[in-house]
Structures are given as C-alpha cells and as structure tokens.
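FYI, numbering that gives the first Met the number 0 numbers position 153 of the sequence shown as 152, with every residue one higher than the one before it.
The beta carbon of each residue, even a glycine, is placed where N, CA and C say it ideally should be.
Every value quoted in this text rests on a predicted model; they were computed, and no experiment measured them.
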Amino acid sequence: MTNPQSSCDPLAESRVPLYGPQFQRKSADLYAEMRRAHGPVAPVLLDGDVPAWLVLGYREVQYVVSNPEIFGRDSRRWNAWDRIPPDWPLLPLIGYQPTMMFAEGAEHRRRAEALDDALADVDQFALRAQAQQVADRLIDTFAGAGEADLITQYADGVPLPVVARMIGVPDVETADLVREVNKTHAAGEGANDAYTRVREKVRRLVESKRENPARDVTSRLLAHPATLADEEITEDLLHLMNAGQLPTAYWIGNTLRLMLTDDRFAMTLSGGRQSVGQALNEVLWEDTPTQNFPGRFAVRDLRLGDRQIRKGDLLILGLAAANHDPLVRPDPQTSIGNQAYMSFSYGEHRCPYAAQEIAKVIAEAAIEVLLDRLPDVVLTVPADALTWRPSPLFRGLSALPVKFTPGLVVL
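Set out below in structure tokens:
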C-alpha cells in the first residue's frame, strides 16, 4: 500500500529522521554523514514523520538568520499545521506563543531591546556570588558521600535558581518555582498543570514588581521606555527561564565531561583556573548544548543550498553542524580559540549578548566551585561508557558518575 505522504513528497524516501537513538552517538559524525549525502540543506523528518529542512552549512545558516524578511520566525506561517496532533512532542518549541521569540520586525526589536537592556544591567559580580552560593549548597548535599552524579545532582540544579533570583523571585519562593519548572521540562504527567502554575507565579511576580520595584530584571523591564505590557513581560520572563535552564545546565555538564576525560584539561583539574574558560569555549564548538533549533519559516518560494524551499516550509537551524562545516573550518583545532561559533545563533533572533555572558558566568562559577570543593574528582566509568540524552535538539549527558574524597559540608 502506498504511503499517501510519499506520493506527494518527492523527497520522502531520502528524508533523514531527526529523532531516535542515533543522537546518543557523536553527533558531529551524524551531521557529517548528512552533509555528504545531502549537501548544506538536508530533507529531514521530525517526530511523527513531519517533513522539514535541516540547514547544515555555516554560510547557509548565517544567510537564513540574517534575512528575517525571507525566513520568518512566526510559526503560524508553517504549511504543515494540518499534520500536527495536539499532543505532538515538539509543540512546546514550535507552537506559536506570544513571546518575543516568535515576534517579527519592529515588534521583536521593541521587546528584544528591552530584554537586552534589562539583562545588560545585571551586576555580574553579584551574579557570580549567587551562582557560587547555589553551587555550594548543591555540593553540600553529596560532598560527604564520596560519589555523585554530576548531571542530576549538580549541573541540572545550578542555572534556574540563579535566574530566578536575577528576575526578582523572593528566596522563599525560589525552591517551589524550580520544582514546578522542572516538572514542565520533564514533559510527563502533570507537566501542563505545572506550566500553568509557573506562569501564574511569574504573572504575580510582575504584578508585585509594578507595585514595589527593586533592582532586578523584572523591575527594569517594567520601567523600560518600550512600555511593555504585563502580559508581554510575563511571557518573555517565562522564555528567559526556559532558555536559561536547559542549555546552561548542559553547558556545565558537557564541560565537566571534557575536563574529566581529556588529558589537556584533566591534568590541571586540581587548580586549572585557565583551563575552565578554554573548556567552556571548546564545548561550544564541539558539543554545543543547542544542536538544532526550530526554526524559520519560508516567507515565499526560494532556493537555498540547491534545494527548492516552498512557502511555509520549516527550516531547522543546524547550529552544531554549522560549527563543524569543513568549508569554513578546515582545521578544527585552529578555530577553537575564537568565538565565531553558531552556538548562540546569529542575527536579530540570536541569544542576547548579555544573556550569553550571564550563562557563561553561571557555568564558569559552577565548574570552579566544584573543582575547588572536590579537587580529586574522577569518573567512575570509562569515558566511552557515558551516554547522551537522545534529543535531536539538545546535547546533554544522561549521567556523569564520579567519585572523590568525601569532603566537609560548608555551613
């Protein structure tokens, strides 16, 4: 029997599934295979065999994100909504939301500039101290045991409490908010209810800061000349929390893996202050936390990388693949020291520069505190036994089991 989708899709037989266990191996090898087979723009299938394009080439990704008038961000432009069920797993990422992430043109610029300005005023010395506090508290929970999983017990727990305090969440409410956000990320039973509760907490936060402003991101957004509505601020703060948690947690975990498995870093683990920054930068090139980002939507019919793109087609930004594009990076080792990676995207919808710096401060503080507190930490499994979460969009370890000399709890 003929698949009806195949009969109307001439590329159906050549489309590569962008899901499944293949993402638990070295992703760079997978993207290299796709580039050899399909060139800089590959036909792919998302969950449920929904067709899309994966943009693999560095120059092609740069072109897409630099031309918002041709490649829109508003997902209501998508031509495949009639195929999407209400429980589709990628709906939280692709389904339209009234955040600045899906806004276009002047509306996006208005909201993005307000957030940029609010984040740029964050005191990075205070931010580092807060990240160190959170890191110390987490280490206290396992320091006496002599062993831990540095993903679930540490890296996953650092970013969100710091971001919550940065936006002005009272300390007494932070733990509850973190629990609820983690439920939404787990995407299991009760995730939707948890998201509703998180949204209500953020809405109340915005309301309280309008009455009693303080020195925090929420208050600065409320006072910004862009005159954002409370609803706009609520939505953008929700996006900030989600964007600040998962990629930063994975950045911490992937960097710890590198430093524990690569002799260039492992031999200076006891006090390798200079190595932490180098490791963070290398991870953004080699194992960037955000691998593929959906997406952009063709505003009209066009050609890209010798492919015919139809109006409304979805393009997935292959950020990790672009970082490994041999046309712009023929010798991988010579580029690791620079910051021309696509890990934070590019163009007007990139991760704000201030947000990038905030993520780096949090990640660097988390790693340095761990190395100070547990200077003899080592893996308890072979490096090649470590497994990655099977996500086509993000690159993060399932676990990072370690042992160390049991240490004192900081009181």
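**OP:** Sort out for me which residues DSSP pairs K402 with in a bridge.
**Re:** E146 and V377
Original post:
Can you name the start and end residues of the alpha helix (DSSP H) that W250 belongs to?
Top reply: D229 to T260
Subject >> Buried versus exposed, by CB contacts within 10 Å (16 or more), F403 >> reply: buried
**OP:** Kindly indicate which residue of K182, L313, V157 and V376 has the alpha-carbon position closest to the one of W250.
**Re:** V157
**OP:** Return the CA-CA distance between S207 and A213, expressed in angstroms with no decimal places.
**Re:** 10 Å
**OP:** Please report the Cβ distance between E151 and A398, rounded to the nearest whole angstrom; I am assuming they are in contact, meaning their Cβ atoms lie under 8 Å.
**Re:** The amino acid at residue 151 is misidentified as Glu; the sequence shows Thr. With a Cβ gap of about 7 Å, T151 and A398 count as contacting.
Original post:
By how many angstroms is the C-alpha of G71 removed from the C-alpha of H107?
Top reply: 11 Å
Original post:
Can we say the segment 89-104 touches the segment 234-251, given the rule of at least three CB pairs closer than 8 Å?
Top reply: yes
**OP:** Please say whether L159 and V180 have beta carbons closer to each other than 8 Å?
**Re:** yes
Original post:
When you compare only the Cα positions, how much space is there between A154 and R76?
Top reply: 36 Å
Subject >> Where V360 falls: helix, strand or coil (DSSP) >> reply: helix
Subject >> Residues near D324 by beta carbon distance below 6 Å, same chain, minus five either side >> reply: G56 and Y57
Original post:
Given that a residue counts as buried once 16 or more other Cβ atoms are within 10 Å of its Cβ, and exposed if not, what is N191?
Top reply: exposed
Original post:
Taking all protein chains shown into account, do 16 or more other C-beta atoms lie within 10 angstroms of the C-beta of G167, making it buried, or fewer, making it exposed?
Top reply: buried
Original post:
Are the Cβ atoms of H419 and A117 separated by less than 8 Å?
Top reply: The displayed coordinates of the chain run from 0 to 410. Any statement about residue 419 would go beyond what the structure contains.
Subject >> Residue from V54, P16 and V49 whose Cα sits closest to the Cα of D305 >> reply: V54
Original post:
Would you say A10 and Q21 are within 8 Å of each other, going by their C-beta atoms?
Top reply: The residue you asked about is not Ala; residue 10 is Leu in the sequence shown. No.
**OP:** Closer than 7 Å by C-beta to D286: which residues in its own chain qualify, once you throw out the five before and the five after it? Chain order, please.
**Re:** N253 and R394
Original post:
If you draw a straight line from the C-alpha of N322 to the C-alpha of V171, how long is it?
Top reply: 41 Å
Original post:
In angstroms, rounded to a whole number, what distance separates the CA positions of M341 and Q61?
Top reply: 8 Å
Subject >> Closest residue to R295 among P85, L283 and W52 (Cα-Cα distance) >> reply: W52
Subject >> Residues near R309 by beta carbon distance below 6 Å, same chain, minus five either side >> reply: D300
Original post:
Going by the CB atoms, is the gap between V64 and L316 shorter than 8 Å?
Top reply: yes
Original post:
Should Y345 be labelled buried (16 or more other beta-carbon atoms within 10 Å of its own) or exposed?
Top reply: buried
Original post:
By the 10 Å Cβ neighbour count, where 16 or more other Cβ atoms means buried, how is Q129 classified, buried or exposed?
Top reply: buried
Original post:
Between K359 and the rest of its own chain, which residues show a CB-CB distance below 7 Å, the 5 nearest in sequence each way excluded?
Top reply: L279
**OP:** Would you mind working out which of I357, L378, D312 and A354 sits nearest V43, comparing C-alpha positions?
**Re:** D312
Original post:
Where does the unbroken beta strand (DSSP E) through A41 begin, and where does it stop?
Top reply: V40 to L45
Original post:
Should T423 go down as buried or exposed, given a rule of 16 or more other Cβ atoms within 10 Å for buried?
Top reply: This structure gives no information on residue 423, because the portion of the chain shown stretches from 0 to 410.
Original post:
Where do the N-terminal and C-terminal ends of the alpha helix (DSSP H) with I315 fall, by residue?
Top reply: I315 -> not in any alpha helix (DSSP H); beta strand (DSSP E) instead, spanning L313 to G317.
Subject >> R109 and P50 closer than 8 Å at C-beta >> reply: no
**OP:** Indicate the three-state DSSP secondary structure (helix, strand or coil) for W87 in the structure shown.
**Re:** coil
Original post:
What is the rounded straight-line gap between the Cα of D371 and the Cα of L90?
Top reply: 41 Å
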